[in-house]
Amino acid sequence: MSDPSGEMRELAKKLLENGEVDRIIGWEKGNLWYQSPPLFITRAEETDRLVFDDFAINSLVTYLLDERDSGKKTGIFVKGCDSRGLVRILQDKQIARESVYVIGLPCSGKKDPRQALSSGASESSQVPPAAKCEECLYPNPVIYDVIIGEAVEAKAKGDRFAAVKEIEAKTADEKYAYWTSQYSKCLRCLACRNVCPACNCRECAFDISKPRILAKENNLSHNMVYHLTRAFHAAGRCVECGECERVCPMGIPIMQLNKKIIKEINDLFGPYEAGVKLDETPPPLGTYQTSDPEEFM
Amino acid sequence: MKTIELSSVLTAGKAFTAKVEADSKVNVRSCYQCGKCSAGCPAAYAMDYAPHQVIRMVQLGLEDRVLSSHAIWLCASCENCITRCPRDVDLPALMDTLRRAAYKKGTVAEKNVALFNNLFLQSVETYGRPHEMSMMMRYNMKSGQLMKDVFRGPELMKRGKMSLRPEKIRDNGAVRRIFGRVRASSGGEQL
Amino acid sequence: MKYAYYPGCSLDSTGIEYQLSTKAVAGTLGVELWEIPEWNCCGASAAHNTDRLLSLALPARNLALAEKEGLDVAVPCAACYSRMKATEKAVRGSEDVREKISEIIEMEYGASNRTLALLDVFTNQAGLEQVASLATKPLQGLKTACYYGCLMVKPPRLAEFDDPEDPQTMDRLMDALGAEAVSWPYKTECCGAGFASSRTDIVLQMSYEVLRLAKTAGAEAVVTACPLCMLNLDMRQKEIEAKNGVAIDLPILYFTELMALAFGHKPAAIGFNKHFVDTTPVVRKVEQGRRAKEVQP
Amino acid sequence: MSVKSSDAQEAWEPKILAFCCNWCSYAGADLAGLNRTQQPPNVRIIRVPCSGRVDPQFIMRAFQDGVDGVLVAGCHPGDCHYSTGNFFARRRFLLFQRIFDYIGIDPGRLQNRWISGAEGDKFAATVSKVTEDIRALGPNRKLRDEHE
Amino acid sequence: MKRVGVFVCHCGSNIAAVVDCERVAKEAAKFPGVAFSIDNKYMCSDPGQDLIKKAVEEHHLDRIVVASCTPRMHEPVFRRATENAGINPYLFAMTNIREHVSWIHTDREKATEKAIDLVRMAVAKVLHTVPLEKSSIPITKRALVIGGGIAGMQAALDIADNGNPVVLVEREPTIGGKMPMLDKTFPSLDCSACICTPKMASTDQHPNITIYTHSEVERVDGYIGNFQVTIRQKAKYVDHKICTGCGLCETKCPNKKIPNSFEAGMGNRTAIYKAFPQAVPNKPIIDAANCRKLTKDKCGVCAKVCPTGAIKYDDQDELITIDVGAIVMATGYDLFPWKEAYGEYGYGKYPDVITGLQFERLVNASGPTSGHILRPSDGKEPKTIVFIKCVGSRDDVKGKAYCSRTCCMYTAKHAHQAVDKIEDSHVIVFYMDVRTAGKGYEEFYQRTVEDGVHYVRGRVSKIYQLGDKLIVRGEDTLLGEAVQVNADLVVLATAMVPSAGSGEIAHIVGFSTDKDGFYQEAHPKLRPLETFTAGVFLAGACQGPKDIPDTAAQGSGAAAKASAVLSNRSMETDPLISQVNDAVCAGCGVCVGICPYRAIELKEITQRAGGKTIARRVASINSGLCQGCGACVAACRSGALDLKGFTNQQIMAEVDALCL
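Chains as they are written, first to last, in my numbering: chain L, 91 to 387; chain S, 33 to 223; chain U, 322 to 618; chain X, 449 to 596; chain W, 190 to 849.
The structure is reproduced here in structure tokens:
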């Protein structure tokens, strides 16, 4: 893949100069070689800081929520996965389509800074592709105003639900033991919620006091309810960007639950891909078919 | 005519009805016996049971009677009935299933139809394509109608419409292996 | 335009006229027919009467050979066409069927190519305007009864290209060739082909009905697209006449023969002399009509 | 939100919570009463207007609190007093049951039934069946909030 | 501090025989928030209710729990008792220890424990209850009826007789619908026009009814009691205020060969026309598409001959806006377009294959043949007539799965008329089942058989023309043999389908249709005349195939429903409905699509955020439309929506209380 940074900078510069957008969200090179954190700029002269390298893995779209009432227009860079998150936010009416200028970047896979660190690598080429990128189905943005670079072919290989099936094969007690081992690690830091494009409510149900869903104390029961609730709130809406799992400091395989829900929705209510088409009908739990499977007679 | 004692007939025939429905993928309970199939069937006049009565027999589970009927062999698979059926009951598919079941059970009423089918398929298995001449000769011998259509041969040959030697495809092993594998399978009804 | 060509068993024997005229028409229309090498019999009704798997596997081998070439398949015989469409649909409709069939025929077959009736290819696919423009020797209002038979258009979920009760493809073709298609009610009724050998009595009755109604409608010839119909209506016509004590005298012709005739091919070269019922009245009517016209202006 | 941990000493009896829609299932329960159709005393009903009102959150809370099983009952599809509520409920609980199964909670602990106002016998039979099922599964510890 | 009073009812021995009510009351007294607790023999009796009042005064109670029978029976009674005691009636909870405890258990200990649990749950719920007020919405005392057939006319007349003004909108140039096209009505065989046209006249003359013919409803806003309706009055090109309806223009119009839809295509009309002589209003309009003046600016004969100068070639469509409180839908039916579906019957290419409605015009004395049954192709009297039932009905493949309900009877009527009118005739009816559910219907059918009509059980597979005969091939399934009829005329009993455009108008008014496009009733058994949209009612065949008596009955029924709405100046709405917490709502709109009553919309609010005023959209509940099902609440992720009386917090409290 040729480096699109030049084109990105030029476009960003033009957009800021002619006032088409009020700010730009992209990535810049961090202090360390394996970091490319988000960059927020409002002035044309800052655009030279923009990069799109192996570590531009963060989705930037949830930052749009911070400005949802500002009335300002943002230029934002999106990869394929990010773009589905953007569709999610647009479908949930959290921002207006006119308030974003979407610059699409086809992406052949990014790398995870944490993996870079843990692998002891000293340069990017030694770092394997991020796990979530290996399963990518949408390397090309599904929504954009302009696209930079050539379309990339999806490289998803193998069964996207392989991990789910592995868990399904366990006995009930094995499953519970597995999830207990995972969820007991949870710190309830809420990073997974905060990064999730489907978690775009103004006030989160977990933050409401009447009634309080979760106890303040951190215990397994409440951790489980937290994860189940969050997954259920995202049911039929999760865009599989994998950000939740990526940001989890405890390495909880959060996507294994989200993917289970996707798999079941496909089986029960017909194939459905969230966040792919902007003008589609309500998500699966916001609608029904009289012919839905009947198990409750 | 004998009175059919329904409760025992229905009990005995339940499995048959279910099997036929599963194999043919035809829901016979959809049929409300309007008879449109029979009315439009060009071969019905020659049948012992009208087509809608064939469905009726399956609905009731009258296995022996339907599988030994001539009607199932006299269906020309012309698809008139399914084209017009108000309930989308695929009668040609049902007839296929019943014929196969009759084969298995050995209750084929129209021996010649079955004989012809057999000889035809043997010819295809041997040559990859049927050879009319040899097939017809064997058919006439086996069906005991030695002189049937015998005058046609020369006429057809004169017009270049029949040859003495069978046309055989070169890679006939492929077709033979197809027959072999099909025999090894269970008939594919469940697919 | 290039198609894989599956002549079927009849076209080398009883349907020789169909073969000759098809090749002549293809030549004039510029349609390239690539005969599937070492094709095998589709199994006809004998196969589907006997074994479902066999009835799918036999056609599948031919279709797979064409699929390898990336070609759609043109099928002249209505019966073969029906079996091939049934196979195509079954394979397309079920992954299990696809796998099983591919295994049996030792070839991958995914039904990515289409099966087309030769009638469809020479009319709808080639374009009737082109056909009309090539009909340099129009058929002078020859009154034809277009006989589609049963399997060319029925059942509609398989046949797909024309109406099952009152099809028009051949009628429009006759119009393009300068002939007249009479309106008659037995266009899609069955001639009884399946019983040609086993229950000839039924065939004679069914074919008689077809001939009687064509005659009553004022037809001077019956046009067909099926070699089995041809055999019954043509070869057995004398027997039918004798059995019912009537004179019918209806020449039976393949649509391709009339196309070739109108395209200017010599009648003998396209099989007019190979019929049981004398076809010279047709040729004569066309020639006389043409001469009369040439004199008149 | 805490749990009375007395069930160890006494003979354990399943504690089951049922959500019944006002128009069908609750009426079905009433009819069972009217007919004096005996049932095991393990089920406590919470009346809701419609099965579509039932939030999975309630169910999770019930298991946290220490119930051994939950029944959600609504009108038969097509008969919903509000026309469509049970169709949404059906989707919701088809999915939720599978999630429960996936994390290792026996799906038998969360049961759903369509029971009309005329089906008093069905209501009673369902209560008996669910109670039996849950009794067979034993006390539930999973998801339970044991602390405090 | 909240002060709850708990009242445990013995219901004589109904409860007390199994439940230790005294113990329940004692245990209840220990629950948090409970200030008073007592058991009593009959809580629903006057002394029982007085007990509540007294306890409230003495113990300063502010919330009430009654443990007794099913709330489905006595909840309103105890609400009133609570109110009479000076407490908001919604600060009350009821729990059922009779049907759900004493009547279904025998073990006194376990039953009592269960009762205690249930009371604990009710107390927990009532502690989280807030006072609720019924709200009231004003009612516009006027009704709109859409469709002027027999259903619409009946509804309009009944509402008008009830003293409320009615606006009747009809798409065609005349009211009357299909009924005036019919010749006789079954089973009494009285003249259809003779009973229909007087009804049309009464509708026209009723002081409370305003009729807009040749008009369509274009837009409906608002909700029950407060609909705003926009009607498009299509240009008539004749000033009906001046026109006297003398008919001179019609006799002079040169364009006379336009198929008249009133004659079901069996007769013609002119470009300026009245559909039929008794049309209401009895004044013509110009069919613009076929008028030479309007299309080619030629002719102009009608203007020249009109004695009053009523012709207005420059007439324009007009938009009329009215406010109404209730709407009755009566858009009727059309016949299934069989010509597009049935190739086996010739796709309409045989002129002597006609529909039942066309047959009505053929036997009608005011029809194109003056009541002589003459076949369309050659005007000859048919001797052999075949009737085919269920064309398009009971046929999932080419037509509709349902039974059209009226065909068995009208075919019997037609068959009877055919034998009656044509000497030496053969009349053959092909049927699958004869369905005669109606007063006097079976007797009528039997009479038809007596008359000599031959009923053959089987469907016809094919019809074709041979010479001047129609060959009809069917099966006599009772005989098990194929039959063929060489017929002169074939009459098809085609299915009833919703009238053209009925889906669009349903969308405009705002309610749903069923899988076949008929209007969806709110409940198939108990609310057959209502839609899910409050204030919109259904009458006649728009809801499903129906004959005339059923249609008239529904017209009256829908009128009663509409009149009930209009009978008050305002209406109270149940406060147990959804509410939105604007601060929490993110405006994602998932609730909007879930609400079956279209009671939720996104509205813009302004709020202070981050030091400035911002505008954003949040869900908003229309209290006139919300029925309180709570489906939206369960779908709301953030918890911005809640259902009053069944709040998340109340239900959670009940759940928690169960395990305390």
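Where a beta carbon is used, it is the ideal one built from N, C-alpha and C, also for glycine.
All values derive from a computational prediction rather than experimental measurement.
Asked                                                                                                                                                         : Found
Going by beta carbon distance, what residues of the same chain come within less than 6 Å of L519/X, once the five residues before and after it are set aside? : A466, Q559 and V578
Determine whether the Cβ of K303/W lies closer than 8 Å to any Cβ atom of chain X.                                                                            : yes
Output the distance between the C-alpha atoms of T402/W and A464/W, rounded to the nearest integer angstrom.                                                  : 12 Å
Quick one: Cα of N149/S to Cα of N370/U, how far?                                                                                                             : 8 Å
How about R716/W: is its C-beta nearer than 8 Å to some C-beta of chain L?                                                                                    : no
Take E384/L as the anchor and find which of L542/X, Y530/X and N483/X has the nearest alpha-carbon.                                                           : L542/X
Taking 7 Å as the cut-off, does the CB of A521/X come closer than this to any heavy atom belonging to the ligand FMN?                                         : Ligands are entirely absent from the displayed structure, and the ligand FMN is therefore not among its contents.
Taking a Cβ distance cut-off of 7 Å, strictly less, list which residues of the stretch 147–162 of chain S are near chain U, in chain order.                   : F148, N149, F152, L153, V156, G160, R161 and P162
Could you pull the start and end residues of the beta strand (DSSP E) that C198/W belongs to?                                                                 : V193 to C198
Going along chain W in order, which residues have a C-beta closer than 8 Å to the C-beta of P118/S?                                                           : C579, R583, D584, D585, V586, K587, G588 and R648
Anything in chain U within Cβ reach of I87/S, meaning under 9 Å, just list it in chain order.                                                                 : Within chain U, no residue comes near I87/S; the closest Cβ sits about 17 Å away, beyond 9 Å.
According to DSSP, simplified to helix, strand and coil, what is C825/W?                                                                                      : coil
Per DSSP, what kind of secondary structure is M314/L in: helix, strand or coil?                                                                               : helix
Does DSSP put N229/W in a helix, a strand or coil?                                                                                                            : strand
Under 8 Å, do Q346/L and A253/L count as touching if we go by C-beta distance?                                                                                : yes
Determine the contact status of V789/W and A820/W, defining contact as a CB-CB distance below 8 Å.                                                            : The question names Val, but residue 789/W in the sequence shown is Ile. Not closer than 8 Å, so no.
Can you check which of these residues, R213/S, C66/S, V41/S and E199/S, is closest to C113/S by C-alpha distance?                                             : C66/S
Which residues of chain L have a Cβ atom closer than 7 Å to the Cβ of G776/W, listed in chain order?                                                          : K183
Look up C468/X in the DSSP assignment and give the residues it is bridged to.                                                                                 : R495/X and A521/X
I need the boundaries of the beta strand (DSSP E) containing S759/W, first residue and last residue.                                                          : S759 to T762
Select from the stretch 536–558 of chain U all residues with a C-beta closer than 7 Å to any C-beta belonging to chain W, and list them in chain order.       : T537
Are any of the Cβ atoms in chain U nearer than 8 Å to that of S70/S?                                                                                          : no
So with CB distances below 8 Å, who are the chain X contacts of Y378/L?                                                                                       : T532, F535, F536, R538 and R539
Which residues in the same chain have their Cβ closer than 7 Å to the Cβ of D455/X, if we skip the five residues on either side of it in sequence?            : In this predicted model, D455/X has a pLDDT of only 47, less than 50, meaning its place in the structure is not dependable; the value taken from the coordinates is given anyway. So the list reads P587, once near-sequence residues are dropped.
Rounded to whole angstroms, what is the Cα-Cα separation between S415/U and Y402/U?                                                                           : 20 Å
When you compare the CB positions of G629/W and V649/W, do they come within less than 8 Å of one another, or not?                                             : no
Residue range of the beta strand (DSSP E) that H145/W falls in?                                                                                               : Since the first residue shown for chain W is 190 and the last is 849, residue 145/W is missing from the structure and cannot be characterised.
Can you name, in chain order, every residue of its own chain whose Cβ lies under 7 Å from the Cβ of D202/L, other than the five neighbours on each side?      : I147, A220 and R336
Within a Cβ cutoff of 7 Å, which residues of the same chain sit near N361/U, ignoring the five residues on either side of it in sequence?                     : L379, R382 and N383
How many angstroms separate the CA atom of C777/W from the CA atom of V698/W?                                                                                 : 25 Å
Is the beta carbon of L307/W closer than 8 Å to that of K270/W?                                                                                               : A small fix is needed here, since residue 270/W is Ala in this sequence, not Lys. Cβ distance not < 8 Å, so A270/W and L307/W don't count as in contact.
Taking 7 Å as the limit between beta carbons, can you name the residues of its chain near I348/W, skipping five residues before and five after?               : A332, V355, A748, A751 and S752
Distance check for G533/X and A856/W, CA to CA, integer angstroms please.                                                                                     : As displayed, chain W neither begins before 190 nor continues past 849, which places residue 856/W out of reach and without an answer.
Taking the Cβ atom as the reference point for each residue, do K219/W and L316/W lie within a distance shorter than 8 Å?                                      : no
Does G431/U come out as helix, strand or coil in the three-state DSSP assignment?                                                                             : coil
Taking Cβ-Cβ distances below 7 Å as the criterion, which residues of the stretch 614–642 of chain W are in contact with chain S?                              : M621
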